[in-house]
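Chains as they are written, first to last, in the numbering used here: chain A, 3 to 639; chain B, 10 to 110; chain C, 73 to 567; chain D, 278 to 466.
Ideal Cβ positions, reconstructed from N, Cα and C, are used throughout, including at glycine.
This is the structure in structure tokens:
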């Protein structure tokens, strides 16, 4: 049964090839249906693996043969089936399939309909390779593959008119560059691991780690921190998170699949997978918790000030990823992965519902006759959509309440577990995360009120229509999952915890604490109430009720991008330039200081290429002289 | 000074003069002349080496091959020089520095 | 093995080389064109090569009077590369060079070049090695300056000729020193002879500089960008893909012969390799002409080969050597592919007969739209050169880095990290090109574009597929790298 | 002693060949170097190679130089060197002196008598070199023919692609250079 695991990857690859080969000949919905069926098949295989694992929970390693065999390095095409990887596979293929179906409706009429599904299938293949790999190199291939797909999908509408296409492709570049900084960290971590352990197989590295390295060994810290750098890139954590909000330039299903449900959680998966290494380094663990907590709080506060429906969700995603990263940093792998799963449900739901809203409003705009410049993603043009788009509204409510963490929805249980662990071990983190939870409730309530309640503020909103069934059916399914998803790991039962125990080495899980749960629920309700007072009781005009210095700060994302500029401008030293090399100018490709230095060096080097025959020969004579001097010195030694 | 010492010294001195010529001369044909001077030095060196190792005929054989090969190089070089003169109107290597950077 | 097989491997292309020339000089109206003759000759060579691979078990030494030839893994590797790129270049040049004056000389010289490189690969006599080397270099003089009516071509040819000639003179001086010291020219015998410790290192230095000119090690590299950018694209591919490797093989042969008694080659190769990586990358960073950019990128790729070989020789471990040789093969594939693909764009634009160097990166705008296959192939080649997994270039670089980290020596680790960072840096000049390829609006390529003939597309597709296969299954080239590694290990044996 | 004076004469000729501004004169000084080297070779016992050096080096090559100079045109102006003279002299002198210094300690043993015959060595023992030489000559001849070939009148119009920067051969050289540069600039822009 375990031998089926290569099929999980083979199916999406086959889908890519099928649609590449025949995509130009067959008509629009067919390619989408092929891709969705393929994704469903991968899900079916994952379910089979799940069934097999129930009877044999220790899992297996399936090897297809040697890949690279040279010197001390031996890498094989081998896949790991264990509770952790299968849990990830189920999420990726399950949510993925729903998003595929949704996309058939969403991408209807797009000139590159088939290409979109090719990218989606390619992404599935890469993501499944990432989670099922049994060695770091294979994982890295998947890691790069999802990055590439993300790049392609963010810039999918690179040809939109009026400068928007340019913005889309520069957002794609920004994401690509930020990810490569993170990838460099992962790559260096792999070198370090190979250097220390002489292998890149999970079994060798993770199995030997405790024997080879002592707790607190500098090497363990180095490797863990390099891994963390990789995580901050892929999972959009401080300091590399700036790419994710811009990534919303891509089509909404891609945002839901890649930038909310699956790819961005790869970092969480990586930490959970290499938990042994992090456990050896208290410093690195502390850093992970710090990064996760700060990201959670910072991003939640920024989300409060955004007016773009997708950007709110993007910052919300960053914030929720911060929760997960903080959780796995504390060693609470079950809590982190539990939140990963529930978040995949409700955030994919929210994104797709938001897509439905955008679709409906854009449609309404078409009906209302063209006016001046109009942004169908701006929440200020919406309002009163509750009656226009009832299904979208109700599913949205389910997702929003789950995100806010109201019992008994999925988000309540998973977030509560994280808060509980923090409460017991990291009091400061607990306070920060609870504050973030409060802000979460506030901004999602603000969004709901601005979008669905009150009266339509524009003609477009007034004429909005409900989306078609391809889009609504996945929404309903995901809404159901968001409501009942908490059942996966109910307090006292711990189904998921018992399941993952076979793979991860869990920190002691505390009992359900009514106090912690009560406080967070109360705060969530408080957030809702506050939002209702500010946005619910009177029509939202041009001016936001929160207008003021603080709100200005939030709207400008705490000037993070500007802050990066400042830090970089100060020529403290090369190190600070390297560390802060992600300022927006850098990432927009214009002026990384390092790049400037390189360009300057490049120009300088070009001077040496005089094109002068005499100088060229002088180079030869100079080279001869240098080597002769080396010989003379070598003889003396 | 034995004849061999003379030959070895001659080889190095001719090599040096040729190299200097390559660095200092700007006329393409004179550059090729400088190359030829270097070759003369190396011919001397080869024969001297054969002589030292007691195989003067081996040295001669190599020297003949060297002379032929470098005559060919000189001829190709001269042909290039003639074309350069036709296309650039000059033999100055300074003119031949449009490709740079 | 039947001695006739390796002999005919060298003799067939050389003996057949006058045929294209003579046929081409005949008055027209003849069915056989020079190109088909050359292809037929190469087909025969392929058969001979296949026969040889079938029978090859262990290195064979053949003695022709005083001059020895040796067929070992390293010879096979270079011969395979020379044959593969030579054949593809002949196929490719059909439409590319059509109607050029001197076409018949072009094909004749390509045949001679292939034969001379196979001869060089098999030479086991120091002086004979040099003669083949010189024959190879003389073939390329005309090929580089083929567009003799273009001043820039001539300029590139002149620089190439003078610098090559200086290098070759230094090599002969080194040969004279070795002869004086050991009294023999046989590479194996030189290894046996324990010589004076002063003369041999000097000879080694002269060889390093002499062959280093062809290998384009810094600071002897100055001819390279001009020659690669100015020659016809098929020749650029052969020059960059094989001729540099021939220089590398020649250097490795003599270095192995002097291994026991001279300077530490490993450290020297590593040092020059690192220098090449850096300088090549820096020079490539600000290039606006695509062929020149590729030329500089060759310099940095040569650096990786030298680094890998240096690590292997320094530590006496096979993994570094294998990585370096693997990278040499991969570079042949990748750079051949890149030059062929760029040439295809040139063909489409009608910028032939010397317009080669005028192709700016901006001219590639939107190429992938009009020619998806060419665009994809060039993208693959560039990504592979930049070391993006899972492409071929990543695999060999990975082997080199892994070998370096495996030594556990601090300063080698530092070199490896430096090289790895440079690999990331190199993307800074590859990615803009790729970006340009996939731009929406198209440059003149889109407007004046003509259809690409099969003969131009075929080599591109073949190389792209080969590169993908190697990337996904690096073991695919093991049959070449493994014997070559053991041959080199045996040659450097005493370390 | 004879050898020393011959060597000094050869070096003098070489320096003159480098120094003289006139190409023809330089070629003749080169012939002088060649002849003197031939005599030195003869005195070393290399009779055959001396003859070949005299006929090829002093004879054939000189003829070729004269031929090339008559085609390319004599040039008499002394062009100032591009590389600063002290740097050039320093580089070369340092390299050559280092070489000499490292080679100096070698005691040359008395030349042993060589029993072999030149013809046997060339035509039998090193026949592989001789064969390779034929290849080399063939390649060289093709090269010279190729480089010097005159443009064939275009037989089929349209076969040869025309490109903007391609200047007709009869244009003034300055203009050619200018055109190339300006087309490069266009690319940069």
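Chain C residues whose Cβ lies nearer than 8 Å to that of residue i
i              : result
residue 611(A) : 294, 297 and 355
residue 35(B)  : What residue 35(B) touches in chain C: nothing, since even the nearest Cβ is about 12 Å away.
residue 16(B)  : The contacting residues do not exist; residue 16(B) stays about 10 Å from chain C at best.
residue 605(A) : 358
residue 348(D) : Within chain C, no residue comes near residue 348(D); the closest Cβ sits about 14 Å away, beyond 8 Å.
CB of residue i within 7 Å of CB of residue j, strictly
i              : j              : result
residue 291(C) : residue 621(A) : yes
residue 446(C) : residue 416(C) : yes
residue 163(C) : residue 504(C) : no
residue 199(C) : residue 247(C) : yes
residue 58(B)  : residue 50(B)  : no
residue 227(A) : residue 173(A) : no
residue 298(A) : residue 445(A) : no
residue 508(C) : residue 454(C) : no
Neighbouring residues, chain B, relative to residue i (Cβ below 7 Å)
i              : result
residue 619(A) : 31 and 32
residue 404(D) : Within 7 Å Cβ-Cβ: nothing; residue 404(D) doesn't reach chain B, min ~10 Å.
Amino acids of chain C, ordered along the chain, whose beta-carbon sits closer than 9 Å to that of residue i
i             : result
residue 61(B) : 251, 252, 253 and 255
Anticipated Cβ contact below 8 Å, residue i with residue j, distance rounded
i              : j              : result
residue 282(A) : residue 215(A) : 5 Å
residue 286(C) : residue 338(C) : No, residue 286(C) and residue 338(C) are not in contact; Cβ-Cβ is about 21 Å, not under 8 Å.
residue 226(C) : residue 35(B)  : Not quite, the Cβ-Cβ distance comes to about 16 Å (not below 8 Å), so this is no contact.
residue 137(A) : residue 56(A)  : Contact flag wrong, Cβ pair sits at about 26 Å.
residue 127(A) : residue 15(A)  : 5 Å
residue 294(C) : residue 611(A) : 6 Å
Contacts of residue i in chain A (Cβ-Cβ under 8 Å)
i              : result
residue 190(C) : Going along chain A, no residue has its Cβ under 8 Å from residue 190(C), so there is no contact; the nearest lies around 27 Å.
residue 473(C) : 193
Cross-chain neighbours of residue i in chain A, by beta carbon under 7 Å
i              : result
residue 106(B) : 612, 613 and 614
residue 110(B) : 608 and 611
Residue i: contacting residues in chain D (beta-carbon distance under 8 Å)
i              : result
residue 626(A) : 372
Listed by chain order, chain D residues near residue i by CB distance under 7 Å
i              : result
residue 623(A) : 368, 369 and 372
Listed by chain order, chain B residues near residue i by CB distance under 8 Å
i              : result
residue 258(D) : The structure shown does not extend to residue 258(D), since chain D is modelled only from 278 to 466, so the question has no answer here.
Per-residue contacts from residue i into chain C (C-beta, under 7 Å)
i             : result
residue 74(B) : 203
Partners in chain D for residue i, counting only beta-carbon separations shorter than 9 Å
i              : result
residue 44(B)  : Correct list: empty, because the minimum Cβ distance to chain D is about 10 Å.
residue 634(A) : 375, 378 and 379
Contacts that residue i makes with chain F (C-beta to C-beta distance below 7 Å)
i              : result
residue 231(C) : The question asks about chain F, but that chain is absent: this structure's protein chains are A, B, C and D.
Next item on the list: Let me know the alpha helix (DSSP H) ranges lying completely inside the segment 288-354 of chain A, each 4 residues or longer, listed in chain order.
Entry: Fully enclosed alpha helix (DSSP H) runs of 4 or longer: 311-331.
Notebook entry, point to check: Would you say the segment 255-272 of chain A touches the segment 119-137 of chain A, given that touching needs at least three Cβ pairs under 8 Å?
Noted result: In short, these stretches touch, since the Cβ pair count reaches three.
Next item on the list: Let me know the alpha helix (DSSP H) ranges lying completely inside the segment 74-133 of chain A, each 4 residues or longer, listed in chain order.
Entry: Listed in chain order, the complete alpha helix (DSSP H) runs (minimum 4 residues) inside the segment 74-133 of chain A are 85-108.
Margin query: Ignoring anything shorter than 4 residues, give me the alpha helix (DSSP H) runs that lie fully in the segment 407-473 of chain C, in order along the chain.
Written below: For the segment 407-473 of chain C, whole alpha helix (DSSP H) runs of length 4 or above, ordered along the chain, are 439-442 and 444-457.
Item checked: Entirely enclosed alpha helix (DSSP H) segments - the segment 478-545 of chain C, minimum 4 residues -> As far as the segment 478-545 of chain C is concerned, its whole alpha helix (DSSP H) runs of at least 4 residues are 482-509, 516-520 and 526-544.
Notebook entry, point to check: Looking at C-beta atoms only, is the number of pairs between the segment 302-319 of chain C and the segment 137-144 of chain C that lie closer than 8 Å three or more?
Noted result: Between the segment 302-319 of chain C and the segment 137-144 of chain C there are fewer than three C-beta pairs closer than 8 Å, too few to call the two in contact.
Item checked: Ranges of the alpha helix (DSSP H) found wholly within the segment 138-193 of chain C, counting only runs of at least 4 -> Listed in chain order, they are 145-168.
Check: Is there contact between the segment 170-177 of chain C and the segment 413-424 of chain D, where contact requires at least three CB pairs shorter than 8 Å?
Finding: Yes, the segment 170-177 of chain C touches the segment 413-424 of chain D.
Note to self: Threshold first: 4 residues or longer. Then list the alpha helix (DSSP H) segments lying entirely within the segment 384-454 of chain A, N to C.
What the structure shows: The qualifying runs are 387-390, 392-406, 412-427 and 429-454.
Next item on the list: Can you check the segment 335-398 of chain D for any alpha helix (DSSP H) of at least 4 residues that lies completely inside it and give the ranges in chain order?
Entry: Segments of the alpha helix (DSSP H) lying fully in the segment 335-398 of chain D: 338-349 and 362-380.
Next item on the list: Decide yes or no for the touch test of the segment 402-416 of chain C against the segment 341-361 of chain C: beta carbon pairs closer than 8 Å, at least 3 of them.
Entry: Contact between the segment 402-416 of chain C and the segment 341-361 of chain C is absent, because fewer than three Cβ pairs lie under 8 Å.
Margin query: Report the start-end ranges of each alpha helix (DSSP H) in the segment 339-410 of chain C that is 4 residues or longer and not cut off at the edges.
Written below: Taking only runs of at least 4 residues, the alpha helix (DSSP H) segments lying wholly in the segment 339-410 of chain C are 362-387.
Check: For the segment 32-102 of chain B, which segments carrying the alpha helix (DSSP H) assignment without a break, of at least 4 residues, lie completely within its bounds, in sequence order?
Finding: List check, alpha helix (DSSP H) in window: 37-61 and 65-97.
Checklist line | Length-filtered (4 minimum) alpha helix (DSSP H) runs lying within the segment 134-171 of chain A | finding: Within the segment 134-171 of chain A, the complete alpha helix (DSSP H) runs of at least 4 residues are 138-156.
Margin query: Below 8 Å, how does it come out for the segment 449-458 of chain A and the segment 384-392 of chain A: are there three or more Cβ pairs, yes or no?
Written below: Yes: at least three Cβ pairs fall under 8 Å.
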